Amino acid sequence: MKQFFLVVIFWSVSFYGFTQIDTSQSNLQKFTPSQLIKDQNWDVKIFNSLYTQNKREDNGKIINEPRSNFFTTTFEVFTGVSKKSTANLGFIFNFKSNTINENRWSPLKFIDNKSNSARALTSVGISLKWRPNKNSKNFTIQSSFFAPIFEDQPRFFLDKRSYVIENRLFYDKTFPGRKFQLFTEIDFAYNFGGKAKDATQFQNVGERYANNSLGIPVSAFLSYFITSKYTALIYLQHFELVDLGNNFSQGYSLAGLGFKMQLFDNVTIEMSYSYFFQARGAGLGESYNFGVRYLLI
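Here you go:
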């Protein structure tokens, strides 16, 4: 699969003209997650991620286990609500398709048989993206509230059954020459709801693992613009789940590489691969990611 991504990147760059010179600033360069759109403009994004694992860390030991696969589609739609581009309002929907003891691509069959697979629209959220300092256009905060809406899965994990209050802090920096761009993000996600120890026999204890905790992912993305419309990127992320009363905490680190391409003025696609190289009480797997973004500006 790694080779597949490299072939796609090479083909795309070659086909659309690696040697083209474009000094204008494209939407791909301009509209990072840190940037806000204007009043009555729209930003729509679909992001798909397939995570798969067959081993995990447990008390300092690496445990082999049946393969488990978790496919997530996140649909986001934001619109500008300020003439000065200081606030965007949006809604976020998360769809899950998970399998266990199946091959890594099995979630894409979207089967729900209640034994080794499950799928559902699991959570919805309302989000406000805003600029705390009008003089700093590269720093924004996205404040969201999510609610779980799926039915309990007593025998199979589908998603965490948590209400979430989340604040994501975005910052980007484009270096002179517009060839390199750094994007950083730190999140604070407070998960709350019923504790795992209080779950009934008709409820899934595992789906309550994250309740009464604080999730803190820290991420950094470095992009290199081959042209203004094609960029290759590398990234690192570390995640900590801090226990706030559910007697569970975990952490993991991942590294990845990706590629983004502006197909049209308003349409961008992205592909990336992530490898989870360190974990504490969590899986050691990998993820394959694909996204499409549409800007109506």
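Counting along the sequence shown from 1, when you hit position 237 you're at 233 in my numbering, and nothing is skipped either side.
Heads up, the beta-carbon is just placed ideally off N, CA and C, and yes, glycines get one too.
Every value quoted in this text rests on a predicted model; they were computed, and no experiment measured them.
Could you round the C-beta distance between D116 and F146 to whole angstroms and report it? I think they count as a contact, below 8 Å. Against the sequence shown, residue 116 aligns to sequence position 120. Against the sequence shown, residue 146 aligns to sequence position 150. Reading the sequence as shown, one finds Ala at residue 116 and not Asp. Rounded, the Cβ-Cβ distance is 4 Å, consistent with contact.
Quick one: which unbroken beta strand (DSSP E) runs of 3-plus residues sit fully inside the stretch 236 to 289? Chain order, please. With a minimum length of 3 residues, the continuous beta strand (DSSP E) runs that stay inside the stretch 236 to 289 are 246 to 260, 263 to 276.
If you check the beta carbons only, do T70 and F179 fall under 8 Å apart? Working through the sequence shown from its first residue, we reach residue 70 at position 74. Working through the sequence shown from its first residue, we reach residue 179 at position 183. No. Outside cutoff.
What's the C-alpha gap between S300 and L32? Since the displayed the chain opens at -3 and closes at 293, residue 300 lies outside it and no answer follows.
Is the number of C-beta pairs between the stretch 120 to 136 and the stretch 161 to 170 that are closer than 8 Å three or more? yes
In this structure, how does DSSP classify D194 when only helix, strand and coil are distinguished? As a working note, residue 194 is residue 198 in the sequence shown. Taken through DSSP and simplified to helix, strand or coil, D194 comes out as helix.
Can you look up G173 in the DSSP assignment and give me helix, strand or coil? Reading the sequence shown from its first residue, position 177 is the one you call residue 173. Looking at G173 - three-state DSSP - the assignment turns out to be coil, as it is neither helix nor strand.
Inter-residue CB distance, Q36 and T75 (contact presumed, cutoff 8 Å): The sequence position of residue 36 within the sequence shown is 40, counting from 1. The sequence position of residue 75 within the sequence shown is 79, counting from 1. With a Cβ gap of about 7 Å, Q36 and T75 count as contacting.
What separation, rounded to the nearest whole angstrom, lies between the Cα atoms of I17 and T223? Here residue 17 refers to the residue found at position 21 when the sequence shown is read from its first residue. Here residue 223 refers to the residue found at position 227 when the sequence shown is read from its first residue. Confidence is the limiting factor: at I17 the pLDDT is only 40, short of 50, which leaves the residue's position unreliable, though a coordinate-based value still follows. I17 and T223: Cα-Cα distance of roughly 7 Å.
Beta-carbon proximity of N266 to G252, cut-off 8 Å: Locating residue 266 in the sequence shown gives position 270, where the first residue counts as 1. Locating residue 252 in the sequence shown gives position 256, where the first residue counts as 1. Strictly speaking, residue 266 in this sequence is Glu, with Asn absent from that position. Contact flag unset, no.
In this structure, does DSSP put L117 in helix, strand or coil? Position 121 of the sequence shown holds residue 117. DSSP places L117 in strand when its eight states are reduced to three.
Taking the alpha-carbon positions, what's the N187 to F221 distance? Here residue 187 corresponds to residue number 191 of the sequence shown, with the count starting at 1. Here residue 221 corresponds to residue number 225 of the sequence shown, with the count starting at 1. Taking the straight line from one Cα to the other gives about 37 Å.
If you reduce the DSSP assignment to three classes, tell me which class N23 lands in. Position 27 of the sequence shown, counted from the first residue, corresponds to residue 23. If DSSP states are grouped into helix, strand and coil, N23 belongs with the helices.
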